[in-house]
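Student:
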């Protein structure tokens, strides 16, 4: 079931995108909505089973890459946190797909739009179902790419193209912090798997590094770098400047990306790495200060 939840939107995106010149508006919409509806049904079923049985699904699909002895798998890891995100993402995405059929009915590029929506959903589901930081980063970058495509969907409008580029660039600033944090994790733990990295929390907490004449706690540094990535995706203060201009995209884009799913990616990462953040009091204080004073800057728009 977990495979269908993740890959059904990808199949829909490939069909609607690859055959967009041959599919009618109704056929493309039916394919996309039906795929999302089935994905949602299975996501809700998984949530109920995991909540009732307190189980964890860990389905390793194969080795993705092996670099310097670090083996990175492509896997579907579903615990209670992931199952909740599965349900939220699929339910919201299904509703947005249905709404998009009516809202974009007269747009000649509706099949392409449905393809982008489904592709975004796949990347978001891949993000929350990974068992390692690299797979999470794959989904992380994927939703950033789809955000660019959806915001700039009406690319013939100069304002839409400019807004898409702005969102893409600002998110790359945050992602640079994420990459640095990921490299530090690999250097100090020799792994990207959540289980192994989180088990090194105490070890990282005890290590320090000298930087610019200051002794910096390694765990605090990693958590701060990861949170910078979260700030970009979740449009937190300082990296929120792309959000208002992103409304240049069609209205369903705002409903899917900026109000319900992509902006929760940062929240998911902090929750997934909570055992790291609880041992990083300075970064935890920074997060508390930003969230209590500013929250998600989307609320300002």
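In the numbering used here, the protein residues as written are 1 to 301. The beta carbon of each residue, even a glycine, is placed where N, CA and C say it ideally should be.
#1: Could you check how far apart the C-beta atoms of residue 201 and residue 276 are, in whole angstroms? I think they sit under 8 Å.
#2: Can you tell me the Cα-Cα spacing of residue 24 and residue 149, whole angstroms?
#3: Among the residues of its own chain, which have a CB less than 6 Å from the CB of residue 217, if the five just before and after it don't count?
#4: Would you mind giving the Cβ-Cβ distance between residue 46 and residue 96, rounded to the nearest angstrom? I have them listed as a contact below 8 Å.
#5: As a quick exercise: from 241, 210, 2, 180, pick the residue whose alpha carbon is nearest that of residue 84.
#6: Alpha carbon to alpha carbon, how far is residue 186 from residue 69?
#7: From what residue to what residue does the alpha helix (DSSP H) around residue 163 run?
#8: Residues in its own chain within less than 8 Å of residue 37 by CB, not counting five upstream and five downstream?
#9: Give the straight-line distance between the Cα atoms of residue 190 and residue 219, rounded to the nearest whole angstrom.
#10: Give me the Cβ distance between residue 222 and residue 204, rounded to the nearest whole Å; I'm assuming they're in contact under 8 Å.
#11: How should residue 243 be labelled, buried or exposed, when 16 other C-beta atoms within 10 angstroms of its C-beta is the threshold for buried?
#12: Who are the Cβ neighbours of residue 65 in its own chain at under 6 Å, not counting the five residues just before and after it?
Tutor: On the basis of the data shown:
#1: 5 Å
#2: 21 Å
#3: 208
#4: That pair is no contact at about 21 Å.
#5: 2
#6: 11 Å
#7: 158-189
#8: 94
#9: 15 Å
#10: 7 Å
#11: buried
#12: 72
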